[in-house]
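S.K.:
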Amino acid sequence: MSITVNIHQALRHITNNQATVDVSGVTVGECLADLVQRFPDIKAKLFGKNGKLLNYIDIYVNAESSYPEELAKPVKDGDKLSITLMIAGG
Amino acid sequence: MLTAQERERYDRQIMIQGFGEEGQEKLKKARVLIAGAGGLGSPAAIYLTAAGIGSIRIVDHDTVELSNLNRQILHWHEDRGKSKVESAKEKLVRLNPDVKIEAIGDTLTEANIDHLVTDCNLIVDAMDNLPTRYLLNKAAIEKNIPFFHGAVYGLEGRAMTIVPGKSACLRCVYRGVIPEEKFPVIGVTPAVIACIQATEAVKYLVGIGELLINKLLVYEGLTMQFTELRVKKDPHCEHCGQRARKE
Numbered sequence: 000m001s002i003t004v005n006i007h008q009a010l011r012h013i014t015n016n017q018a019t020v021d022v023s024g025v026t027v028g029e030c031l032a033d034l035v036q037r038f039p040d041i042k043a044k045l046f047g048k049n050g051k052l053l054n055y056i057d058i059y060v061n062a063e064s065s066y067p068e069e070l071a072k073p074v075k076d077g078d079k080l081s082i083t084l085m086i087a088g089g
Numbered sequence: 000m001l002t003a004q005e006r007e008r009y010d011r012q013i014m015i016q017g018f019g020e021e022g023q024e025k026l027k028k029a030r031v032l033i034a035g036a037g038g039l040g041s042p043a044a045i046y047l048t049a050a051g052i053g054s055i056r057i058v059d060h061d062t063v064e065l066s067n068l069n070r071q072i073l074h075w076h077e078d079r080g081k082s083k084v085e086s087a088k089e090k091l092v093r094l095n096p097d098v099k100i101e102a103i104g105d106t107l108t109e110a111n112i113d114h115l116v117t118d119c120n121l122i123v124d125a126m127d128n129l130p131t132r133y134l135l136n137k138a139a140i141e142k143n144i145p146f147f148h149g150a151v152y153g154l155e156g157r158a159m160t161i162v163p164g165k166s167a168c169l170r171c172v173y174r175g176v177i178p179e180e181k182f183p184v185i186g187v188t189p190a191v192i193a194c195i196q197a198t199e200a201v202k203y204l205v206g207i208g209e210l211l212i213n214k215l216l217v218y219e220g221l222t223m224q225f226t227e228l229r230v231k232k233d234p235h236c237e238h239c240g241q242r243a244r245k246e
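Structure follows, in structure tokens:
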């Protein structure tokens, strides 16, 4: 199972400037856990202390919002995950 | 009815398929609220004024600072210290004296939002913070007014069109808050996004094309990519969901 994760620009300093990272998993949660295993510093940028996604992080699977219950959403080989951060500048 | 001068002034856009004099008359009759006279509000106001919107109300409580001038193109070097909405109005009436520009130098709050949005045909979200964006989104839903969202950070921008009752709203997409902060940006990013917002507003008013509803358009200036993210109306949304409507 290979899932491609698009890393938001604000997080790429953690992934050695990689815009995409290939991970494994059958759910969004497993894919993000694999990402965290490779780049441990990204954990605090994605998850709160309660283990839930921070409320300004959104995960899209093949460009479709995975909200609600994002972490339980199933994924399949070849899917693309996008991690986006809320922005509000004007 | 358009005047002879208006027919000449708007000749090139009247030529657009589906636009016509009828479309121009719709723009002339429209009242638009632009919330914010900064990076997004400046180009949005310029293009909507140039397009011949009948009446534009622009709201912002800030004064012009030197550090605004890399992106807030309605404000010029000599405007430092002036009210942003007065600075904006000075330029916009010179661009198109037929457009009624109403400058409101005030902060959008729960106390005044109903008054400020109530007679508008649409709202352009050109704010720089989430709490006020949420306030506008809620008012737009309650008053059934289309809401044209835009936001920027660095070389990234996003735009989405909200048609109450038909589409996901801003609160369906964004549930949290982020701290207000000094954010990185260069003027070309809000220019791109504000032009998309203005395009959507014109299309909505004229009644042509397809709108960015249930889609969050993401612009990545660094890689020059546009991506459409599909979003869904949240039945439990505190602004447009079933519970909100009952309340």
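If you read the sequences in order, they're chains A and B. Per numbering that gives the first Met the number 0, residue 0 is the first one in the first sequence, and the count goes up by one each step. Per numbering that gives the first Met the number 0, residue 0 is the first one in the second sequence, and the count goes up by one each step. Glycine included, C-beta positions come from ideal geometry on N, C-alpha and C. None of the values given here were measured: they were computed from a predicted structure.
#1: Should Thr-188(B) go down as buried or exposed, given a rule of 16 or more other Cβ atoms within 10 Å for buried?
#2: Pop quiz: Val-27(A) and Val-60(A) are said to be a contact at Cβ under 8 angstroms. What is the actual Cβ separation, rounded to whole angstroms?
#3: Starting from the beta carbon of Thr-160(B), find every residue of chain A whose beta carbon is closer than 7 angstroms, and list them in chain order.
#4: DSSP three-state call for Thr-188(B): helix, strand or coil?
#5: Taking 8 angstroms as the CB-CB limit, is Ile-177(B) close to chain D?
#6: Please report whether the beta-carbon of Gln-8(A) lies at a distance below 8 angstroms from any beta-carbon of chain B.
#7: Report the three-state DSSP secondary structure of Val-74(A) (helix, strand or coil).
#8: Please return the same chain residues whose Cβ sits closer than 6 angstroms to the Cβ of Gly-35(B), not counting the five positions on each side in sequence.
#9: Which bits of chain A does Leu-68(B) rub up against, with CB to CB less than 7 angstroms?
#10: Can you look up Gly-37(B) in the DSSP assignment and give me helix, strand or coil?
#11: Starting from Ala-150(B), follow its DSSP beta bridges and name the residues at the other end.
#12: In chain order, what residues of the region 108 to 142 of chain B put their CB closer than 7 angstroms to some CB of chain A?
#13: Looking only at its chain, what residues have a beta carbon closer than 8 angstroms to the beta carbon of Phe-18(B), apart from the 5 residues adjacent to it on each side?
#14: Residues of chain A with CB closer than 9 angstroms to the CB of Pro-189(B), please, in chain order.
M.R.: Quick look at the numbers:
#1: Position 189 of the second sequence, counted from the first residue, corresponds to residue 188(B). Buried.
#2: Within the first sequence, residue 27(A) is the residue found at index 28, counting from 1. Within the first sequence, residue 60(A) is the residue found at index 61, counting from 1. Rounded, the Cβ-Cβ distance is 7 angstroms, consistent with contact.
#3: Counting from 1 along the second sequence, the entry for residue 160(B) is found at position 161. None at all; the shortest Cβ gap to chain A is about 16 angstroms.
#4: Counting from 1 along the second sequence, the entry for residue 188(B) is found at position 189. Here Thr-188(B) sits in helix by DSSP.
#5: Here the protein chains are A and B, and chain D is not one of them.
#6: By 1-based counting over the first sequence, the position of residue 8(A) is 9. Chain B, which has a Cβ nearer than 8 angstroms to the Cβ of Gln-8(A), makes this yes.
#7: What you label residue 74(A) is simply residue 75 of the first sequence in a count that begins at 1. It is coil, neither helix nor strand.
#8: Within the second sequence, numbered from 1, the residue matching residue 35(B) stands at position 36. The answer, listed in chain order, is Asp-59, Ala-125, Met-126.
#9: Translated into the one-based positions of the second sequence, residue 68(B) becomes position 69. Here the premise fails: no neighbours, minimum Cβ distance about 15 angstroms.
#10: For the purposes of this step, residue 37(B) is taken as residue 38 along the second sequence, with counting starting at 1. DSSP places Gly-37(B) in coil when its eight states are reduced to three.
#11: Residue mapping note: residue 150(B) aligns to position 151 of the second sequence, counting from 1. Note: Ala-150(B) sits in a beta bridge opposite Arg-157(B).
#12: Ala-125, Met-126, Asp-127, Asn-128, Leu-129, Arg-132
#13: Looking up residue 18(B) in the second sequence gives position 19. Result list for Phe-18(B): Gln-12, Val-205, Ile-207, in chain order.
#14: The residue you call residue 189(B) lines up with position 190 of the second sequence. By Cβ distance, chain A contributes Gly-88, Gly-89.
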